[in-house]
Structures are given as C-alpha cells and as structure tokens.
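Right, one structure below, let's go through it.
Numbering (full-length UniProt numbering), first residue to last: 1 to 684.
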C-alpha cells in the first residue's frame with residue numbers, strides 16, 4: 001500500500017513499565033512536560049511528541065524550538081495559554097527549579113513560572129489560524145482542536161492514540177483515503193515488486209503542507225512574548241531600536257576598558273581599572289533613564305555639583321524671574337534665586353551690586369574653600385548685631401544658605417520655602433555636605449516639632465524619579481531606591497564599581513540571565529566571570545545548558561579554558577544521548593582520560609550488537625583513540641577483531657585478559673557489563 005507508514009529507529013526506545021525510569025529521553029524540541037518536571041511517565045509522552053510533529057508539519061517550524069528546559073516551559077505556557085496543573089507540579093521532582101510554587105499574593109493563590117525575559121511568541125491559535133496556507137478555515141479549526149486535545153499538560157487527559165484516530169481530523173482523512181482508493185482501484189494498476197519506477201502520490205490532506213516552498217533550514221523564531229502575563233518581570237527597558245544592539249555596544253565598550261588575565265585551566269582574573277563613562281551609554285533611553293546613567297558618571301568622577309547645576313539650569317531664568325516678581329519688595333530675592341540654582345558667580349555679583357560685600361565674598365570663596373568655621377563665626381556676630389534685625393527675609397536666607405543652614409532656621413523662616421524639590425535637593429548638597437543627604441532626609445522625615453516645621457516648608461521629592469533614587473542609594477537612604485525600576489545593565493555595572501551599595505552577585509546573575517534570554521549567551525558567560533564565589537558554577541552551567549555558538553570568542557576573547565568548553569560540549573552531547581559526539585568532543589579537547597571513560601561506559605555499550613557492522617563501528621571508535629599503546633585499548637581491539645574475524649586462536653588467553661579487566665571495572669556497571677558481554681560473545 002502506498003500509504004503505509006514505516007516506524008523505524010528505536011535506538012532510544014524503552015519498555016513502558018521499566019523501573020527505574022530514565023529521564024534522558026526525547027529530543028528537546030519534542031520533550032513532554034512530565035519528562036522536564038521529572039514526573040513518572042508512560043506512553044503519553046509519545047503523544048505529546050506526535051502533537052509537536054503535526055503542528056510543525058503545518059506551521060513549517062518547530063513549535064518549541066529550544067534546548068533550554070526553562071525556555072521550553074515558557075514556550076509551552078505562552079503557546080497553550082496556561083500552566084501545568086497543581087497536581088503535576090506537586091509531583092514533579094524538578095518543579096521548584098522552574099516555578100515559584102503556590103502561595104498567597106493579594107489573598108489569591110498563585111503559581112508562577114520563574115522570571116525570564118519575554119520574546120515574541122504567539123499562541124497556538126494564532127500560529128495555526130494565522131499561518132500561510134491554502135487550507136480552509138474549517139480545516140484549520142479541525143486541526144487546532146486536534147492539537148489542543150494532544151498538547152495537554154496532564155498525561156491522563158491527553159489524547160490516546162485510539163482517541164486521536166477517531167478525531168475528525170484523522171477519521172475524515174481515513175474515509176477520504178478509503179473512498180479514493182476504491183475509486184482508483186478500477187483505474188490504477190497496483191505496481192508489482194519488479195517494477196523499477198515508483199511514483200509517489202500527492203499527500204491527501206493539504207492541511208499538512210505549506211503553500212509556499214518549504215525551507216529545509218527554517219529559522220528558529222525568537223520565543224516568549226505572552227509568557228509575561230504569567231509572571232510579569234520588572235521593566236526591562238526594551239526599546240524600539242532593540243536591546244541587543246545597545247547591550248552589545250555597552251559590553252564591547254566595557255570589555256575594551258578592562259584587562260582580562262588568563263589562568264592555566266582556570267577562569268581568568270579581571271582588572272576593572274577605573275569606571276567607564278556611563279554617560280556614553282544612555283542613548284535610546286527615557287529621559288529619566290538617561291539622567292540615571294549620566295548621574296552615575298558624575299558621582300564616579302566627583303562632578304556632582306556641576307551635574308546638579310546642569311540639571312536645574314533650564315529652569316533658572318524662569319525661577320529667578322518668579323522670585324523677582326513675587327518678592328519685588330526684597331531685592332535680595334534675586335541673589336537667593338541665583339543661589340537656589342547653584343549660580344554662585346551671578347549671586348555674588350548681584351549681592352555686590354546691592355552693597356553686601358561680605359556676602360558677595362563668602363558666596364564665591366565657599367565654593368572652593370572650607371570656610372565653615374570662619375563663616376559660622378561671622379554669621380554668629382552678624383546675628384547679634386542690630387544690623388541683622390534690619391536685614392530683609394531673603395538677605396537672611398542667603399546668609400543661612402551659604403553657611404549650610406537650611407530648613408527652618410528661625411521662627412517662620414524656612415530657607416527652602418517655595419523652591420522646587422530638585423533645587424532643594426541640590427541646595428542641601430551644594431551648601432551643606434556634598435557627599436551626604438542625611439540633613440535633607442531629616443527634614444523630609446520629621447521626628448520633632450522643629451523638623452516638622454521645616455518639613456511644611458519643603459517641597460517633597462518625586463520618589464519615583466530614578467536619579468533621585470540613585471542619590472539616595474549612594475549617599476542617603478537606600479530604601480528609597482526602587483531597583484526593580486532600573487535597567488539591569490545599569491545595575492550590573494553599578495554593582496561592579498560600587499559593590500558596597502548593591503547586593504553581591506544579584507544583578508550580575510540577573511544580567512547573565514537577561515543576556516542568555518536575548519540569545520547573547522557568549523556575553524552572558526563573560527558577565528558570569530564577575531561573580532563572587534559562584535562564578536565557576538555559573539560558567540559551567542551556561543557552557544553546558546546555554547545556546548552559545550562562538551567557541552573562539554569564549555576561548556580567545558574571554559579566556560575561558562578550552563578544557564572547560566570541551567567538557568561542556570561532551571556533557572551536552574551526553575544529555576542528548578549522542579555518545580559518539582560526546583567521545584569526539586573529548587578527543588578533540590585532548591581529554592583522553594574522560595574520553596576513555598565515555599568510550600567504555602556509554603559509546604561501546606550503546607553499540608554492542610553482534611552484527612558485523614556494529615562490531616566494525618566499535619572497532620573504529622577504538623582505533624580513533626590517540627594512545628593506541630594502552631593495554632586496555634589493545635585488549636579491546638583484540639576482542640573486537642576476534643569477533644569480526646571469528647578467529648579462535650588465543651581465545652583462552654583473550655578471555656582470561658578480559659576477565660581480569662572486568663574485575664577492575666566492577667565499579668562501572670556499563671563498562672563491566674560490556675566486558676562480560678564480550679566474553680560471552682567470544683565463548684559462543
């Protein structure tokens with residue numbers, strides 16, 4: 001029959017009731033949720049894979065294209081618009097690795113997938129109904145219903161093969177085949193086995209093909225755009241111009257600003273040198289984010305006073321003019337206005353014009369010299385004089401301000417009253433202590449009647465303002481900084497250069513994860529090098545599980561040990577049950593001891609069939625081993641050659657050698673069983 005389907009390649013097949021179950025099964029793209037979560041499974045896992053195959057045949061691309069299991073779960077959640085049921089999660093040995101398990105949040109029980117940056121990824125409905133195809137809407141709906149009954153998390157509720165056969169999507173096709181076969185049987189002669197020319201028939205259901213030419217190497221889509229509704233991550237500041245290009249530029253600049261010192265077979269040492277220019281990396285950000293980056297540069301370069309002046313400068317003309325109009329009776333309101341915007345020279349000139357030469361002098365000189373003692377003494381004498389009683393309100397305010405006395409300094413005299421909150425913050429730093437917000441925080445968090453009076457006359461800050469949060473983190477109250485509102489790349493760099501104000505490793509790990517999710521795993525590995533105490537574990541994890549490609553970049557640019565990379569490549573191959581590739585990777589990395597263990601414990605046992613082809617393949621693996629002088633290699637070659645040639649000479653001596661070797665391998669079950677099998681085969 002032309003429509004017969006042949007099932008082949010049972011290399012990784014297992015018995016359903018076999019105990020213990022192995023979870024090193026199923027190709028990643030088609031891996032079922034119960035295998036990922038490590039829940040006891042049955043043949044229902046094959047129905048999940050089948051559903052993935054059917055969807056891929058129609059869409060033209062894999063439904064879940066990732067080898068990373070947390071990504072797979074996010075893709076499943078986004079595609080199926082749901083999470084695995086609680087009953088599954090409670091049974092899964094690995095559930096806690098991928099999910100924030102149930103707990104109360106705002107009085108509601110929630111289960112959340114662990115945080116991952118979301119990519120564009122659409123639901124199953126959108127992918128099936130929106131795919132380019134000649135098929136009718138009715139056929140699409142039929143396929144969609146079929147897939148939704150197979151791609152079900154709970155294996156007990158998933159379609160069985162028999163149920164799938166009875167679904168209209170398959171049943172209608174079967175009727176069509178039977179009907180068409182009956183009609184064609186009168187017209188078409190069944191080809192005989194001797195006929196050399198075989199003409200395949202056209203697929204009966206066009207719904208399982210694309211109308212356009214099939215791309216043999218379809219690009220894998222970026223995934224995960226809707227999984228965010230399950231666990232909405234912090235704002236990641238993805239911008240229209242794209243995060244990856246900006247991130248790449250930042251990382252390249254940072255890389256060129258540090259020194260990486262290679263270490264033999266160990267991760268490199270890194271010399272951070274001086275902080276890079278944060279301002280150079282604030283493009284394509286909101287204004288608030290740009291100010292965050294530029295302020296950090298000012299803080300590292302001790303330019304805070306200048307930065308604050310530039311911040312408030314756009315409002316100076318309007319602000320000073322406002323003081324003039326509102327306090328026209330007080331000429332010193334203009335001097336105070338200039339001081340409120342940090343314009344000391346203009347304030348000094350205006351004070352001089354108004355005849356207060358001492359005030360003019362102190363305004364200028366206190367900017368560059370520590371005259372606090374002299375100024376304090378002078379202000380004390382001035383306040384005791386009769387002259388002081390005749391000073392206007394703003395003239396007094398100017399004296400108090402330059403001496404660093406802000407807030408409520410006299411009854412009903414509040415220095416910062418009617419000043420914008422941005423200027424108030426700046427004034428406490430310009431005229432108080434430039435490296436502390438302690439005095440300012442005492443005013444906005446009153447604890448007594450005096451500070452409460454000052455509080456009433458002080459404009460309160462916009463606490464959501466990011467640059468204000470950074471100032472508080474740096475020199476004030478760290479609890480005012482809502483770090484989840486900041487971009488992770490900024491937090492990462494800040495944690496490197498100012499580790500005393502941020503939790504160790506937290507934002508390095510977060511940046512690692514975001515880069516990995518942005519398909520920038522090579523750079524994620526680079527960032528992992530900055531971890532304290534846990535860098536080795538993270539690097540090894542990323543090498544084994546991350547989707548990196550540029551090996552030369554890792555070795556030559558980041559100086560990650562070559563040995564680590566080949567060990568990771570071999571482990572990835574082992575995880576996929578590709579023992580031949582595992583062996584090749586270990587040989588390529590010159591890891592001969594590890595290669596020998598892989599050969600004995602996995603590759604040779606996996607290929608041990610008493611067929612000539614299998615024996616020759618195994619002999620080839622032995623011949624590929626570089627050290628052919630090893631006693632065990634020579635012994636194994638003799639054993640395989642004996643079986644291939646059926647040579648009975650020296651059989652007893654060979655068996656004796658194998659028996660002695662088997663004793664040495666008792667701690668390695670697979671290798672031990674292989675040698676015993678070889679002995680039995682030779683004896684037969």
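Note that the Cβ used here is the ideal one computed from N, Cα and C, for glycine as well.
Model, not experiment: these values are computed from the prediction.
Query, Result
"Residues in its own chain within less than 6 angstroms of residue 615 by CB, not counting five upstream and five downstream?", "640, 643, 644"
"Nearest-angstrom Cα distance between residue 282 and residue 550?", "28 angstroms"
"Since residue 578 contacts residue 547 with CB under 8 angstroms, what's their CB separation in whole angstroms?", "Actually they are not in contact, since the Cβ atoms of residue 578 and residue 547 sit about 16 angstroms apart, beyond 8 angstroms."
"What are the start and end residues of the beta strand (DSSP E) that includes residue 539?", "Residue 539 -> not in any beta strand (DSSP E); alpha helix (DSSP H) instead, spanning 535 to 545."
"Where does residue 93 sit, in a helix, a strand or coil, going by DSSP?", "coil"
"From the DSSP secondary-structure annotation, give me the bridge partner or partners of residue 271.", "259"
"Does DSSP classify residue 192 as helix, strand or coil?", "Only weak support is given to the placement of residue 192: the predicted model assigns it a pLDDT of 34, under 50, and the value that follows is read from those uncertain coordinates. Three-state result, residue 192: coil."
"Cα separation between residue 498 and residue 583?", "45 angstroms"
"Using the three-state DSSP reduction, which class does residue 414 fall into: helix, strand or coil?", "strand"
"Tell me residue 408's beta-bridge partners as DSSP assigns them.", "414"
"Residue 264 by DSSP, collapsed to three states: which one?", "coil"
"Please list the terminal residues of the continuous alpha helix (DSSP H) segment that includes residue 321.", "316 to 326"
"Consult DSSP for residue 67 and reduce its assignment to one of helix, strand or coil.", "coil"
"So, using beta-carbon positions, are residue 155 and residue 34 closer together than 8 angstroms?", "yes"
"With burial defined as no fewer than 16 other Cβ atoms inside 10 Å of the residue's Cβ, what is the status of residue 558: buried or exposed?", "buried"
"On the three-pair Cβ rule with 8 angstroms, is the segment 328 to 341 touching the segment 437 to 449?", "no"
"How would you label residue 585, buried or exposed, when you count the other beta carbons within 10 angstroms and need 16 or more for buried?", "buried"
"Throw me the rounded Cβ distance for the residue 553 and residue 522 pair, which I believe falls under 8 angstroms.", "5 angstroms"
"Is the segment 45 to 65 close to the segment 491 to 509, with three or more CB pairs under 8 angstroms?", "no"
"I want to know whether the segment 122 to 129 touches the segment 138 to 152 - three or more CB-CB distances under 8 angstroms.", "yes"
"Measuring straight from C-alpha to C-alpha, what distance separates residue 592 and residue 677?", "24 angstroms"
"What residue range does the alpha helix (DSSP H) around residue 394 cover?", "393 to 402"
"Quick one, which of 598, 607, 253 has its alpha-carbon nearest residue 625's?", "598"
"Using three-state DSSP, classify residue 481 as helix, strand or coil.", "coil"
"Counting only the same chain and skipping the five closest in sequence on each side, list residues whose C-beta sits under 6 angstroms from that of residue 476.", "437, 441"
"Thinking C-alpha only, which one of 30, 396, 410, 253 is nearest residue 71?", "30"
"Around the C-beta of residue 357, are 16 or more other C-beta atoms found within 10 angstroms, so that it is buried, or is it exposed?", "exposed"
"Where does residue 423 fall in DSSP's three states?", "helix"
"Kindly confirm or deny that the segment 338 to 357 and the segment 315 to 327 touch, where touching means at least three C-beta pairs closer than 8 angstroms.", "yes"
"For residue 577, report the span of its alpha helix (DSSP H) as first-last.", "Here residue 577 belongs to no alpha helix (DSSP H), and DSSP marks it neither H nor E."
"What is the rounded straight-line gap between the Cα of residue 40 and the Cα of residue 22?", "10 angstroms"
"Hey, quick one: how far does the alpha helix (DSSP H) through residue 300 stretch, first residue to last?", "287 to 300"
"If you draw a straight line from the C-alpha of residue 269 to the C-alpha of residue 605, how long is it?", "42 angstroms"
"Measuring straight from C-alpha to C-alpha, what distance separates residue 464 and residue 397?", "30 angstroms"
"Measuring only the C-alpha atoms, how far is residue 570 from residue 139?", "45 angstroms"
"Consult DSSP for residue 460 and reduce its assignment to one of helix, strand or coil.", "coil"
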